[in-house]
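Structure first, then comments.
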Amino acid sequence: MEIIETKSLRPFVEKTRDGVGAALVTGNSNMFREALEKQEAMEDKENRINKLESGLGILGMEYVEKRTKALEEGKRLLASEERQTIRVEIEMLSFSISQKTKNIIRLADSSKQRSRLRSKNANEKKKLEELVKQYNFVNDMLEESENAVTYAQALAGSFPWIHEEDDRVDVLPLRAKRKAVEIYLTGLRLGEELSLLKKEMVQFLSYYKDSVIPDLSTCLNSLNKDDLPDDDVVPCSTDDVGKMIKEGATLFKSVLDGSLANLDIDDSEDKDGDEEIEDDSDVEIEEAVE
104 MEIIETKSLR PFVEKTRDGV GAALVTGNSN MFREALEKQE AMEDKENRIN KLESGLGILG
164 MEYVEKRTKA LEEGKRLLAS EERQTIRVEI EMLSFSISQK TKNIIRLADS SKQRSRLRSK
224 NANEKKKLEE LVKQYNFVND MLEESENAVT YAQALAGSFP WIHEEDDRVD VLPLRAKRKA
284 VEIYLTGLRL GEELSLLKKE MVQFLSYYKD SVIPDLSTCL NSLNKDDLPD DDVVPCSTDD
344 VGKMIKEGAT LFKSVLDGSL ANLDIDDSED KDGDEEIEDD SDVEIEEAVE
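To convert, note that position 257 of the sequence shown is 360 in the working numbering; the numbers rise steadily by one, no gaps.
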């Protein structure tokens with residue numbers, strides 16, 4: 104449209120420049136100025152177009168084809184990188200949504216906490232849906248385009264670019280990678296707990312070896328001498344009670360020393376005591392019958 108208007112005004116401008124039809128210009132100076140500006144702009148554009156055409160003629164079509172090919176290659180490279188980036192974001196969002204869904208059921212104790220997790224899940228689902236649209240758009244730009252992914256597939260963690268039958272590590276399903284990491288971290292935690300348990304058991308055995316067993320040995324020596332310790336560790340006043348405490352202390356010490364099998368405890372008095380108790384009970388029964 105601009106070219107047509109400029110060409111129609113060219114005769115008017117040329118006549119005015121030659122001094123012909125000066126009377127037409129009188130009172131129409133603004134129109135003449137606008138026509139002159141359009142004419143000059145048109146001439147400038149024609150000169151630029153001629154230079155470009157001459158440059159193309161010198162370089163030839165080979166330059167144009169190489170430049171076009173380079174631009175297309177750059178476009179494909181950028182699209183491929185963008186597609187890979189979107190894939191990672193889709194996998195991360197899918198994993199995050201599934202994890203929050205499990206936390207709502209297992210870990211959320213209050214309704215407020217469950218409501219907050221549901222709100223986060225809803226926002227992430229919207230982001231996931233938008234990323235799926237972006238992925239399909241970028242995927243269609245590439246010649247070696249793969250199958251399009253749907254929102255339902257992305258939400259379920261079933262991605263077309265991951266093939267479960269392929270045993271390469273770089274294409275393992277995300278859930279399998281997650282399971283391997285969980286097993287590895289569980290092994291690390293068990294190793295740490297085992298080392299702590301060993302340290303606690305060493306402290307426990309050291310306490311009994313250095314403190315409890317010497318106290319028991321002192322107590323036994325005192326009982327063997329029929330003399331009570333100064334701190335009244337064994338509060339007894341008769342020989343029978345003292346003997347029972349002595350046997351109990353000896354038995355406990357043998358358990359700690361690991362010599363329980365070699366210990367010989369005199370239980371004759373216990374048997375006699377049991378017989379006396381049985382005799383007494385028989386007498387009481389006979390009296391009750393009579």
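From the three backbone atoms N, C-alpha and C, an ideal C-beta is built for every residue, glycine too.
*Rounded to whole angstroms, what's the CA-CA distance from Ser157 to Asn150? Just pull it up for me.*
Your numbering for residue 157 matches position 54 in the sequence shown. Your numbering for residue 150 matches position 47 in the sequence shown. The straight-line gap from Cα to Cα measures roughly 11 Å.
*Between Ile189 and Ala225, what straight-line distance do the alpha-carbon atoms span, to the nearest angstrom?*
What you label residue 189 is simply residue 86 of the sequence shown in a count that begins at 1. What you label residue 225 is simply residue 122 of the sequence shown in a count that begins at 1. Going by the C-alpha atoms only, they are around 19 Å apart.
*Count the other CB atoms, across all protein chains shown, that sit within 10 Å of the CB of Glu268; report buried if there are 16 or more and exposed otherwise.*
Along the sequence shown, one-based indexing puts residue 268 at 165. Because the pLDDT at Glu268 is just 44, under 50, the model does not fix this residue reliably, and the value given afterwards should be weighed accordingly. Exposed, because fewer than 16 other Cβ atoms sit within 10 Å of the Cβ of Glu268.
*asked:* Whole angstroms are fine: how far does the CA of Lys205 sit from the CA of Phe240?
replied: Here residue 240 refers to the residue found at position 137 of the sequence shown. Here residue 205 refers to the residue found at position 102 of the sequence shown. Looking at the two C-alpha atoms, the distance is approximately 32 Å.
*Give a yes or no on whether the minimum CB-CB distance between Lys203 and chain C is below 8 Å.*
The structure shown contains no chain C, having only a single protein chain.
*In terms of residue numbering, what span does the alpha helix (DSSP H) encompassing Ser222 cover?*
Working through the sequence shown from its first residue, we reach residue 222 at position 119. From DSSP, the alpha helix (DSSP H) with Ser222 extends over Ser214 to Met244.
*Per DSSP, what kind of secondary structure is Pro317 in: helix, strand or coil?*
Position 214 of the sequence shown, counted from the start, is the residue given in the question as residue 317. Pro317: helix per DSSP, three-state reduction.
*Classify Leu210 as helix, strand or coil using the three-state DSSP reduction.*
Counted from its first residue, the sequence shown places residue 210 at position 107. If DSSP states are grouped into helix, strand and coil, Leu210 belongs with coil.
*Alpha carbon to alpha carbon, what distance is there between Asn153 and Ala126?*
Counting from 1 along the sequence shown, the entry for residue 126 is found at position 23. Counting from 1 along the sequence shown, the entry for residue 153 is found at position 50. Reliability fails at Ala126, whose pLDDT of 44 lies under 50, so the model's placement of it is uncertain and the value that follows must be treated cautiously. Between Ala126 and Asn153, the C-alpha separation is close to 36 Å.
*Inspect the beta-carbon positions of Thr200 and Leu220 and report whether they are closer than 8 Å.*
Start at 1 with the first residue of the sequence shown, and residue 200 comes out as number 97. Start at 1 with the first residue of the sequence shown, and residue 220 comes out as number 117. Note that residue 200 corresponds to Ile in the displayed sequence, not to Thr. Between Ile200 and Leu220, the C-beta spacing is not below 8 Å.
*Contact between the region 173 to 183 and the region 228 to 245: three or more CB pairs below 8 Å?*
yes
_Residues in the same chain with beta-carbon distance under 8 Å from Leu231, minus the five sequence neighbours each way, listed in chain order, please._
One-based indexing of the sequence shown puts residue 231 at position 128. Within the same chain, Leu231 has close Cβ partners Ile193, Leu196, Ser197, Ile200, Tyr254, Ala257 and Leu258.
*Given a threshold of 16 other Cβ atoms within 10 Å of its Cβ, counted over all protein chains shown, does Val191 qualify as buried or as exposed?*
The count along the sequence shown starts at 1 and reaches residue 191 at position 88. Per the 10 Å Cβ criterion, exposed.
*Taking the C-alpha atoms as reference points, what is the distance between Lys229 and Thr289?*
The residue labelled residue 229 in the question sits at position 126 within the sequence shown. The residue labelled residue 289 in the question sits at position 186 within the sequence shown. Answer to the nearest angstrom: the Cα atoms are 33 Å apart.
*Confirm, please, whether the CB-CB distance from Arg278 to Gly260 is below 8 Å.*
Residue mapping note: residue 260 aligns to position 157 of the sequence shown, counting from 1. Residue mapping note: residue 278 aligns to position 175 of the sequence shown, counting from 1. Yes.
*Tell me where the alpha helix (DSSP H) around Ala251 begins and ends.*
For the purposes of this step, residue 251 is identified with residue 148 of the sequence shown, where counting begins at 1. For Ala251, there is no enclosing alpha helix (DSSP H), as DSSP marks it with neither H nor E.
*asked:* Helix, strand or coil, according to DSSP, for Phe198 in the structure here?
replied: In the sequence shown, residue 198 corresponds to position 95, counting from 1. Note: Phe198 maps to helix in three-state DSSP.
*How many Å lie between Asp318 and Lys312 at the Cα?*
For the purposes of this step, residue 318 is identified with residue 215 of the sequence shown, where counting begins at 1. For the purposes of this step, residue 312 is identified with residue 209 of the sequence shown, where counting begins at 1. Each residue's Cα considered, the two are about 10 Å apart.
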